[in-house]
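4 protein chains.
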Amino acid sequence: MSDSPANGRPAGGASPDGPPPDEVDPTGAVAGWWATAVSRMEPGVIELRGRPVQDLIGRVGLTSMIWLMLRGDLPTARQAELLEAALVAAVDHGPQAPSIAVARMAATCGIGLNGAVASAVNTLGDSHGGAGEQCVVLLDEILREEAAGTALETAAARAVARGPRYVPGFGHRFHPVDPRRDPLLSLVERAAADGVVPGDHLRAGRAVEDLLAAGRSRPVPMNIDGATAIIYAELGFPAPLARGLFVLSRSVGILAHAWEESGQGRRNKGPIPRSVLPAHLA
Amino acid sequence: MSDSPANGRPAGGASPDGPPPDEVDPTGAVAGWWATAVSRMEPGVIELRGRPVQDLIGRVGLTSMIWLMLRGDLPTARQAELLEAALVAAVDHGPQAPSIAVARMAATCGIGLNGAVASAVNTLGDSHGGAGEQCVVLLDEILREEAAGTALETAAARAVARGPRYVPGFGHRFHPVDPRRDPLLSLVERAAADGVVPGDHLRAGRAVEDLLAAGRSRPVPMNIDGATAIIYAELGFPAPLARGLFVLSRSVGILAHAWEESGQGRRNKGPIPRSVLPAHLA
Amino acid sequence: MSDSPANGRPAGGASPDGPPPDEVDPTGAVAGWWATAVSRMEPGVIELRGRPVQDLIGRVGLTSMIWLMLRGDLPTARQAELLEAALVAAVDHGPQAPSIAVARMAATCGIGLNGAVASAVNTLGDSHGGAGEQCVVLLDEILREEAAGTALETAAARAVARGPRYVPGFGHRFHPVDPRRDPLLSLVERAAADGVVPGDHLRAGRAVEDLLAAGRSRPVPMNIDGATAIIYAELGFPAPLARGLFVLSRSVGILAHAWEESGQGRRNKGPIPRSVLPAHLA
Amino acid sequence: MSDSPANGRPAGGASPDGPPPDEVDPTGAVAGWWATAVSRMEPGVIELRGRPVQDLIGRVGLTSMIWLMLRGDLPTARQAELLEAALVAAVDHGPQAPSIAVARMAATCGIGLNGAVASAVNTLGDSHGGAGEQCVVLLDEILREEAAGTALETAAARAVARGPRYVPGFGHRFHPVDPRRDPLLSLVERAAADGVVPGDHLRAGRAVEDLLAAGRSRPVPMNIDGATAIIYAELGFPAPLARGLFVLSRSVGILAHAWEESGQGRRNKGPIPRSVLPAHLA
Numbered sequence: 001m002s003d004s005p006a007n008g009r010p011a012g013g014a015s016p017d018g019p020p021p022d023e024v025d026p027t028g029a030v031a032g033w034w035a036t037a038v039s040r041m042e043p044g045v046i047e048l049r050g051r052p053v054q055d056l057i058g059r060v061g062l063t064s065m066i067w068l069m070l071r072g073d074l075p076t077a078r079q080a081e082l083l084e085a086a087l088v089a090a091v092d093h094g095p096q097a098p099s100i101a102v103a104r105m106a107a108t109c110g111i112g113l114n115g116a117v118a119s120a121v122n123t124l125g126d127s128h129g130g131a132g133e134q135c136v137v138l139l140d141e142i143l144r145e146e147a148a149g150t151a152l153e154t155a156a157a158r159a160v161a162r163g164p165r166y167v168p169g170f171g172h173r174f175h176p177v178d179p180r181r182d183p184l185l186s187l188v189e190r191a192a193a194d195g196v197v198p199g200d201h202l203r204a205g206r207a208v209e210d211l212l213a214a215g216r217s218r219p220v221p222m223n224i225d226g227a228t229a230i231i232y233a234e235l236g237f238p239a240p241l242a243r244g245l246f247v248l249s250r251s252v253g254i255l256a257h258a259w260e261e262s263g264q265g266r267r268n269k270g271p272i273p274r275s276v277l278p279a280h281l282a
Numbered sequence: 001m002s003d004s005p006a007n008g009r010p011a012g013g014a015s016p017d018g019p020p021p022d023e024v025d026p027t028g029a030v031a032g033w034w035a036t037a038v039s040r041m042e043p044g045v046i047e048l049r050g051r052p053v054q055d056l057i058g059r060v061g062l063t064s065m066i067w068l069m070l071r072g073d074l075p076t077a078r079q080a081e082l083l084e085a086a087l088v089a090a091v092d093h094g095p096q097a098p099s100i101a102v103a104r105m106a107a108t109c110g111i112g113l114n115g116a117v118a119s120a121v122n123t124l125g126d127s128h129g130g131a132g133e134q135c136v137v138l139l140d141e142i143l144r145e146e147a148a149g150t151a152l153e154t155a156a157a158r159a160v161a162r163g164p165r166y167v168p169g170f171g172h173r174f175h176p177v178d179p180r181r182d183p184l185l186s187l188v189e190r191a192a193a194d195g196v197v198p199g200d201h202l203r204a205g206r207a208v209e210d211l212l213a214a215g216r217s218r219p220v221p222m223n224i225d226g227a228t229a230i231i232y233a234e235l236g237f238p239a240p241l242a243r244g245l246f247v248l249s250r251s252v253g254i255l256a257h258a259w260e261e262s263g264q265g266r267r268n269k270g271p272i273p274r275s276v277l278p279a280h281l282a
Numbered sequence: 001m002s003d004s005p006a007n008g009r010p011a012g013g014a015s016p017d018g019p020p021p022d023e024v025d026p027t028g029a030v031a032g033w034w035a036t037a038v039s040r041m042e043p044g045v046i047e048l049r050g051r052p053v054q055d056l057i058g059r060v061g062l063t064s065m066i067w068l069m070l071r072g073d074l075p076t077a078r079q080a081e082l083l084e085a086a087l088v089a090a091v092d093h094g095p096q097a098p099s100i101a102v103a104r105m106a107a108t109c110g111i112g113l114n115g116a117v118a119s120a121v122n123t124l125g126d127s128h129g130g131a132g133e134q135c136v137v138l139l140d141e142i143l144r145e146e147a148a149g150t151a152l153e154t155a156a157a158r159a160v161a162r163g164p165r166y167v168p169g170f171g172h173r174f175h176p177v178d179p180r181r182d183p184l185l186s187l188v189e190r191a192a193a194d195g196v197v198p199g200d201h202l203r204a205g206r207a208v209e210d211l212l213a214a215g216r217s218r219p220v221p222m223n224i225d226g227a228t229a230i231i232y233a234e235l236g237f238p239a240p241l242a243r244g245l246f247v248l249s250r251s252v253g254i255l256a257h258a259w260e261e262s263g264q265g266r267r268n269k270g271p272i273p274r275s276v277l278p279a280h281l282a
Numbered sequence: 001m002s003d004s005p006a007n008g009r010p011a012g013g014a015s016p017d018g019p020p021p022d023e024v025d026p027t028g029a030v031a032g033w034w035a036t037a038v039s040r041m042e043p044g045v046i047e048l049r050g051r052p053v054q055d056l057i058g059r060v061g062l063t064s065m066i067w068l069m070l071r072g073d074l075p076t077a078r079q080a081e082l083l084e085a086a087l088v089a090a091v092d093h094g095p096q097a098p099s100i101a102v103a104r105m106a107a108t109c110g111i112g113l114n115g116a117v118a119s120a121v122n123t124l125g126d127s128h129g130g131a132g133e134q135c136v137v138l139l140d141e142i143l144r145e146e147a148a149g150t151a152l153e154t155a156a157a158r159a160v161a162r163g164p165r166y167v168p169g170f171g172h173r174f175h176p177v178d179p180r181r182d183p184l185l186s187l188v189e190r191a192a193a194d195g196v197v198p199g200d201h202l203r204a205g206r207a208v209e210d211l212l213a214a215g216r217s218r219p220v221p222m223n224i225d226g227a228t229a230i231i232y233a234e235l236g237f238p239a240p241l242a243r244g245l246f247v248l249s250r251s252v253g254i255l256a257h258a259w260e261e262s263g264q265g266r267r268n269k270g271p272i273p274r275s276v277l278p279a280h281l282a
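Chains as they are written, first to last, in UniProt numbering: chain A, 1 to 282; chain B, 1 to 282; chain C, 1 to 282; chain D, 1 to 282.
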């Protein structure tokens with residue numbers, strides 16, 4: 001939107017914006033500073049990852065478009081399905097999640113939906129949005145050790161022992177069993193069985209889960225971060241994109257909550273009912 | 001992600017977080033302050049718009065999920081296709097768009113992909129991300145006047161005359177014809193012909209386009225903002241969600257550019273090559 | 001900070017970053033695109049508003065620096081005092097303000113103090129941070145009408161009648177009398193009496209206050225937004241900078257709360273105690 | 001600002017917002033969730049760090065207010081001067097710094113000064129805003145080793161050898177000598193000589209500087225991050241607040257640039273002149 005009055009030279013003829021490009025940028029250093037393989041714009045031309053946008057509109061789904069933009073090629077139908085399941089699963093976890101609460105409060109402050117989404121997405125940092133990324137790193141480590149000759153169980157035990165107290169991707173203080181775990185893992189299993197994905201990160205994730213269950217009365221099952229991390233890694237996304245993809249997914253819930261709140265008539269909503277004042281620490 | 005150590009009471013038993021909910025919130029005012037129809041969480045239960053998440057994962061596509069979260073029901077297949085085409089069309093317009101440039105620079109500053117996306121999405125304000133929303137408002141006005149008995153052409157002329165100098169959704173300084181216009185309008189036409197959408201906003205948009213072409217050597221054709229605004233409005237989304245949906249769409253391109261840039265090894269990337277210093281205004 | 005490995009050409013000699021500036025930018029269009037009167041950088045030289053930075057450090061206070069950067073000249077001591085009083089007055093209003101709550105929640109999400117401040121400052125929009133700006137606009141209107149020959153009381157009554165239901169800068173749901181009002185107004189009075197400021201916006205603000213008190217059992221006294229708006233306007237800052245200056249002021253409280261919260265050990269803090277679940281709207 | 005219609009219960013009498021606080025929050029868990037020592041609000045009362053706001057307005061400077069809010073006590077005049085010098089020194093480094101460029105572009109996108117500042121401040125991450133924090137950590141390490149009996153030079157050499165390739169706080173690609181270094185270090189020296197600060201972090205910083213100069217034709221002098229880090233640490237601020245204080249300081253330049261840009265009439269400003277298109281990577 002508003003790419004329009006925003007960017008670009010008028011098509012053909014002399015530019016009202018100054019000298020022509022070859023005089024402004026004779027060495028190409030300016031164009032090169034912003035070089036990209038993601039998209040190419042010419043007057044009348046929009047190519048995304050080398051494909052004219054008109055060939056994509058109406059033919060390629062949103063999930064495939066995400067894959068294309070991030071990786072440069074299109075997924076197979078089965079790959080897209082698996083990615084889509086992960087993206088759908090993590091859209092929301094209610095206003096007790098700081099990202100959702102921030103979105104709702106910001107939506108009452110007069111900053112537009114873009115601003116509400118921005119303040120909220122920003123909170124998906126190392127603690128709130130990083131467990132998937134950290135889980136991919138963990139599983140990658142385990143698989144590297146296994147590839148070097150260590151038994152999977154041993155590799156898992158070592159990686160968990162080296163890591164932080166909260167094993168990223170496992171356990172939930174709220175859900176005894178995360179209802180998103182089983183359907184996601186079933187889809188990965190089927191995909192692995194059909195050769196759509198290798199299945200290695202699934203094996204590694206299960207090894208961690210078994211390890212964390214051993215000898216405990218209350219197991220520490222895989223959570224949404226773990227299950228989606230496995231999917232992203234099985235599909236070949238590097239660890240930081242586990243966070244990036246989560247950002248896209250959670251943006252859906254963030255927008256939905258910001259929108260609902262903006263229809264409820266509050267102005268400058270605080271975190272607790274107005275009659276309650278924060279306690280004072282001495 | 002990381003809903004896990006984040007939120008919620010341990011399932012069953014006494015809470016380590018303090019007194020039980022009915023003592024903390026006997027009047028329900030605290031729970032009510034955060035009341036929502038978007039999602040419902042109980043230990044072991046995640047419902048999104050009244051549907052258990054496990055019934056959605058693997059069965060509902062991402063675009064349908066967006067519709068569900070924003071509106072509470074699921075779209076038909078044809079509605080979802082039309083929405084998906086609009087979402088796909090607007091993902092990116094290259095680094096000359098401030099949102100994309102901000103994403104790439106931010107990605108070199110050590111703030112994580114969530115932070116880069118947030119700084120960028122935030123810029124999708126009234127000028128950069130608002131044309132679709134403003135276009136829906138314009139088309140709504142025209143249709144209201146038509147419903148009150150004015151001829152469509154007259155209603156369009158009046159609404160344009162009342163509005164700002166740049167008619168939102170029309171004209172492009174860069175593209176003589178926006179390559180996204182035709183495929184998007186074709187899809188709306190077909191949907192209207194098949195009764196999937198009413199077709200009124202399409203008629204109104206075309207009336208504005210005709211008006212802006214009349215007697216000009218260089219017409220001012222509909223741009224991406226106009227074409228997607230028509231789709232969103234035809235599908236029944238209120239005007240502010242034209243911006244909200246654009247935010248979700250452009251987030252894909254924002255993430256792709258932030259990710260590409262983060263792989264290019266720059267630290268604290270400025271806007272122009274390092275050897276060029278900003279000119280000094282007296 | 002980290003301007004260092006971030007920006008700039010190596011001083012003297014050939015650049016490792018590519019061709020020299022006069023080849024990269026022969027027309028000056030690239031340097032001109034980023035032209036600014038705010039600062040000038042050369043290797044070994046930093047000038048802020050035309051003054052070498054080494055002449056400012058240790059000699060100019062922070063408030064005077066804010067004035068200098070925004071306006072290009074230095075304030076007198078009395079002007080700086082008045083500005084400083086306004087900046088000090090608005091630093092914080094506790095966690096019931098969404099900006100403060102957002103800062104505290106964000107600080108527990110693993111995004112650094114910069115990210116927490118950003119998510120919070122972003123919420124200072126039209127509703128939460130815009131009343132001062134709107135109040136300046138209102139007072140400007142009143143003074144324009146007065147200058148055109150209308151009595152001040154009449155001008156105030158008309159401007160208030162034309163405006164929104166909440167008169168920006170007046171009334172407070174929390175404080176019957178805002179404790180920041182009197183000390184701020186006393187300072188403006190004294191400054192007007194001494195000829196430091198004209199005193200017109202003060203007169204206009206008082207006229208609005210009188211108007212809103214007339215015939216009411218419960219008056220609607222000026223609040224912090226009104227009192228600081230008067231100061232900013234008396235000192236000659238245009239309306240949008242009333243919001244800009246408030247952003248700088250409130251950033252102090254935002255940072256203080258983010259920092260305190262980050263020391264309290266919570267991860268991904270939600271808005272209400274964990275045992276309470278948001279109510280579900282049907 | 002706009003704390004007003006935002007927060008709070010009506011003073012005295014029954015609340016239109018629902019039941020009274022002691023019914024809403026009988027256990028105090030809700031008030032306790034937001035407990036803070038930073039500020040206390042009651043109807044008619046605003047206390048900041050235990051001091052009534054009316055005792056601060058007009059009596060305490062902005063820099064002292066920053067200290068008070070972050071630490072709970074007021075600085076001496078000499079402490080405040082030193083802190084003020086550091087805050088003044090780092091306000092701006094021109095549009096080649098991504099934070100400044102982001103502020104200027106965002107200011108043309110229709111998001112208000114709060115939004116422009118937020119997008120910009122957000123970029124002050126580990127790379128762009130973190131060197132001061134990292135430098136404090138480095139100097140702390142050196143001083144800890146020295147306290148344990150190691151010679152300062154040896155401790156410095158070890159800490160630098162353990163650290164990253166770019167030593168945080170030292171060297172500048174742009175400035176052969178940073179013009180902010182000498183005036184800042186002079187102020188610390190004088191403060192140490194007068195017993196205002198201990199002078200240990202200054203000694204440690206100098207030891208690193210000597211180490212990096214030894215045997216090199218081109219020395220690697222302390223930069224703004226290093227010099228301000230020394231000041232913050234000498235004054236007793238913990239490392240993360242070196243970033244936090246930089247955020248406040250740079251916000252001044254960010255606001256000034258956003259404001260200047262918003263007066264130059266561009267809409268949706270991209271990073272390079274419009275006639276130049278980003279190069280396409282194959």
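Glycine is no exception: its CB is placed at the ideal position from the N, C-alpha and C atoms.
Cα-Cα separation between residue 119 (chain B) and residue 210 (chain C), rounded to whole angstroms: Taking the first residue of the second sequence as 1, we reach residue 119 (chain B) at position 119. Taking the first residue of the third sequence as 1, we reach residue 210 (chain C) at position 210. When rounded, the distance between both Cα atoms is 43 Å.
Could you please tell me which residues of the stretch 209-239 of chain A, in chain order, have their CB closer than 8 Å to any CB of chain B? 223, 224, 225 and 228
Could one say the Cβ of residue 109 (chain D) lies closer than 8 Å to chain F's Cβ atoms, at least one of them? The displayed structure is made up of protein chains A, B, C and D, and chain F is not among them.
Thinking C-beta only, is residue 150 (chain B) closer than 8 Å to residue 62 (chain A)? Locating residue 62 (chain A) in the first sequence gives position 62, counting from the first residue. Locating residue 150 (chain B) in the second sequence gives position 150, counting from the first residue. No. Outside cutoff.
What distance in whole Å lies between the Cβ atoms of residue 145 (chain A) and residue 158 (chain A), which are believed to be in contact at a cut-off of 8 Å? Locating residue 158 (chain A) in the first sequence gives position 158, where the first residue counts as 1. Locating residue 145 (chain A) in the first sequence gives position 145, where the first residue counts as 1. At roughly 7 Å, the Cβ-Cβ gap stays under 8 Å, so residue 158 (chain A) and residue 145 (chain A) are in contact.
Where the stretch 70-99 of chain B meets chain A: residues whose CB sits under 8 Å from a CB there: Residues passing the 8 Å Cβ filter: 70, 81, 84, 85, 87, 88, 89, 90, 91, 92, 93, 94, 95, 96, 97 and 98.
Can you tell me where the alpha helix (DSSP H) with residue 65 (chain C) in it begins and where it stops? Counting from 1 along the third sequence, the entry for residue 65 (chain C) is found at position 65. It spans 62-71 - the alpha helix (DSSP H) in which residue 65 (chain C) sits, taken as one unbroken run.
Contact check, residue 106 (chain C) vs residue 115 (chain C), beta carbons under 8 Å: Numbered from 1 along the third sequence, position 106 holds the residue referred to as residue 106 (chain C). Numbered from 1 along the third sequence, position 115 holds the residue referred to as residue 115 (chain C). Closer than 8 Å, so yes.
Just the C-alpha distance for residue 99 (chain A) and residue 110 (chain D), rounded to the nearest angstrom, thanks. On the first sequence, position 99 is the one that residue 99 (chain A) refers to. On the fourth sequence, position 110 is the one that residue 110 (chain D) refers to. Distance between the alpha carbons of residue 99 (chain A) and residue 110 (chain D) is about 24 Å.
Out of B:25, B:130, B:57 and B:195, which one is the CA nearest neighbour of residue 83 (chain A)? The residue you call residue 83 (chain A) lines up with position 83 of the first sequence. It is B:57 whose Cα lies nearest to the Cα of residue 83 (chain A).
Can you check whether the C-beta of residue 30 (chain B) is within less than 8 Å of a C-beta belonging to chain D? Position 30 of the second sequence, counting from 1, holds the residue named residue 30 (chain B). True, the Cβ-Cβ gap to chain D drops below 8 Å.
So residue 36 (chain B) contacts chain C; which residues on that side make the cut at Cβ distance below 9 Å? Position 36 of the second sequence, counting from 1, holds the residue named residue 36 (chain B). Those are 278, 279, 280 and 281, listed as they occur along chain C.
Please report whether the beta-carbon of residue 272 (chain A) lies at a distance below 8 Å from any beta-carbon of chain D. Your numbering for residue 272 (chain A) matches position 272 in the first sequence. True, the Cβ-Cβ gap to chain D drops below 8 Å.
Taking the C-alpha atoms as reference points, what is the distance between residue 43 (chain C) and residue 129 (chain A)? The count along the third sequence starts at 1 and reaches residue 43 (chain C) at position 43. The count along the first sequence starts at 1 and reaches residue 129 (chain A) at position 129. Rounded to the nearest angstrom, the two C-alpha atoms are 40 Å apart.
Strictly below 8 Å CB to CB, what residues from chain D border residue 20 (chain C)? Residue 20 (chain C) sits at position 20 when you count from the first residue of the third sequence. In chain order: nothing, as chain D lies at least about 15 Å away.
From this set, A:184, A:254, A:86 and A:20, which residue's C-alpha is nearest residue 242 (chain A)'s C-alpha? The residue labelled residue 242 (chain A) in the question sits at position 242 within the first sequence. When only C-alpha atoms are compared, the closest one is A:86.
Bounding residues of the alpha helix (DSSP H) (the contiguous stretch that carries residue 30 (chain C)): Working through the third sequence from its first residue, we reach residue 30 (chain C) at position 30. Where residue 30 (chain C) is concerned, the enclosing alpha helix (DSSP H) stretches over 29-33.
For residue 265 (chain D), go through chain C and note every residue whose CB falls closer than 7 Å to its CB, in chain order. Counting from 1 along the fourth sequence, the entry for residue 265 (chain D) is found at position 265. Chain C residues near residue 265 (chain D): none, gap ~13 Å exceeds 7 Å.
Test item: CB-CB of residue 69 (chain A) and residue 92 (chain B) under 8 Å: Taking the first sequence and counting its residues from 1, one reaches residue 69 (chain A) at position 69. Taking the second sequence and counting its residues from 1, one reaches residue 92 (chain B) at position 92. Yes, these two residues count as a Cβ contact at 8 Å.
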